[in-house]
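A short write-up of the structure that comes next.
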Amino acid sequence: MLDKLEAIYDRYREIEAQMNDPEITSDMKRYVKLSKDYKDLQPVVKAYHDYKALLDSIAECKELLSTEKDEELREMAKEELASDQSRKEQMEEEIRIMLIPADPQDSKNAVVEIRGGTGGDEACLFAGDLFRMYSRYCEKKGWKVDIVDYNEGTAGGYKDITFNVSGEKVYGMLKYESGVHRVQRVPATETQGRVHTSAAGVVVLPEAEEFDVELNMSDVRIDTFCASGPGGQCVNTTYSAVRLTHIPTGIVVSCQDQKSQIKNKEKAIVVLRTRLYEREYNKYMEEMSSKRKTMVATGDRSEKVRTYNYPQSRVTDHRIGWSMHNLPAFMDGDIEECIEALQLAENAEKLKASVG
3 MLDKLEAIYD RYREIEAQMN DPEITSDMKR YVKLSKDYKD LQPVVKAYHD
53 YKALLDSIAE CKELLSTEKD EELREMAKEE LASDQSRKEQ MEEEIRIMLI
103 PADPQDSKNA VVEIRGGTGG DEACLFAGDL FRMYSRYCEK KGWKVDIVDY
153 NEGTAGGYKD ITFNVSGEKV YGMLKYESGV HRVQRVPATE TQGRVHTSAA
203 GVVVLPEAEE FDVELNMSDV RIDTFCASGP GGQCVNTTYS AVRLTHIPTG
253 IVVSCQDQKS QIKNKEKAIV VLRTRLYERE YNKYMEEMSS KRKTMVATGD
303 RSEKVRTYNY PQSRVTDHRI GWSMHNLPAF MDGDIEECIE ALQLAENAEK
353 LKASVG
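Sequence positions in the sequence shown follow my numbering and run 3 to 358.
In structure tokens form, the structure reads like this:
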């Protein structure tokens, strides 16, 4: 373990030296990448120094016990050694988890899409409930939510809604939400009181940064149109909504949330860049899935990941068999416990794979 930590520390110092090299600082793309790597290695380097200091303390206690004749000092050394040995085991477990290769996308912002699936109006209402759930969760985390585009359902909720989430390590937390979410409840339109099953699909993508994708705007056709839905006097009177079509791939992105055409264009470009990045990211995901038996975080997006049972006030995550019997709290954004359980399961899986 010490050898691994020393190698990481050497890499850390190497990056530090490179970041002070004028030739590298003039290459912004490379400098941004090095800065990110440097920041990512800092917790491991701190753990390395703490672990090394602990090993030195253990060695000193052992040396004292082999040479010291004073019983009082020997007793103190024994107590300190026992404490250090216990701390060493705990620290080694923490370091093992730190040394698990992190998904390089985890620190990115996220683009989230929710689409009402089977179930008609009820599926749209559920998509709206999921959007509120994520909005409340993001609010609690101090993350910023920006709606990009949406199509409202005829009875409320959304046929589909796309939004950006920005903050600290957003994708690393929200990536577990990709997949089919199923709801079991009595719809407001149901007169017989029967429980119906509906579904909504959630897709979470790491937001592509400017340095991730070369987007040539000459390949993009820009169309403007009138926004629809609530928004005041400018709706249906000004061409503030923007539609971008990437001609080489046929990818189309719309944004109508802002009253300003410029702001809508900026937000649409972020999503278009992310969609282009998704093509490369999917190849990475396929490679990862071939290496790992169970894809806790990155399962097939058509896979049923969670069921929300209203009559029993229960939410169940099918990937890890996790359940919570307080559905109202969960729907109000208290989803952290579930995400942490999924993270724990994924780390255990990675740790097992690295040992194996």
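Beta carbons: idealized from backbone N, C-alpha and C, even for Gly.
Give the secondary structure of residue i by DSSP, where H, G and I count as helix, E and B as strand, and everything else as coil.
i, result
"Pro-250", "coil"
"Tyr-40", "helix"
"Val-188", "coil"
"Gly-119", "coil"
"Pro-24", "helix"
"Ile-163", "strand"
"Lys-222", "Just to set this straight, residue 222 is Val in the shown sequence, not Lys. Reduced to three states, the DSSP call for Val-222 is strand."
"Val-197", "coil"
"Glu-154", "strand"
"Ser-168", "strand"
"Ile-97", "helix"
"Ile-10", "helix"
"Met-3", "coil"
For residue i versus residue j, is the C-beta spacing smaller than 8 Å?
i, j, result
"Gly-335", "Arg-138", "yes"
"Gly-181", "Val-307", "yes"
"Lys-143", "Asn-153", "no"
"Leu-67", "Ala-79", "yes"
"Leu-132", "Ala-202", "yes"
"Tyr-40", "Glu-18", "yes"
"Leu-207", "Thr-251", "no"
"Tyr-173", "Lys-110", "yes"
Using the DSSP secondary-structure output, state which residues sit across from residue i in a beta bridge.
i, result
"His-183", "Ala-202, Arg-308"
"Arg-316", "Asn-311"
"Ser-256", "Arg-245"
"Pro-208", "Ala-112"
Taking the beta carbon of residue i as the centre, do at least 16 other beta carbons fall within 10 Å, making it buried, or is it exposed?
i, result
"Thr-193", "exposed"
"Glu-209", "buried"
"Glu-141", "exposed"
"Glu-124", "buried"
"Phe-2", "The chain is shown from 3 up to 358; residue 2 falls before or after that span and cannot be answered."
"Gly-130", "buried"
"Ala-229", "buried"
Below 6 Å CB to CB, which residues in the same chain sit around residue i once its five sequence neighbours on both sides are set aside?
i, result
"Thr-247", "Arg-223, Val-254"
"Gly-188", "Residue 188 is actually Val in this sequence, not Gly. So the qualifying residues of the chain are Gly-195, Val-197."
"Ile-60", "Asp-86"
"Gly-159", "Cys-126, Leu-127, Ala-129, Gly-130"
Only counting the same chain, and skipping five residues up and downstream in sequence, which positions put a Cβ closer than 7 Å to that of residue i?
i, result
"Asp-5", "none"
If you drop the 5 nearest sequence neighbours on each side, which residues of the same chain put their C-beta closer than 8 Å to that of residue i?
i, result
"Ile-102", "Asn-349, Lys-352, Leu-353, Ser-356"
"Ile-99", "Asn-349, Leu-353"
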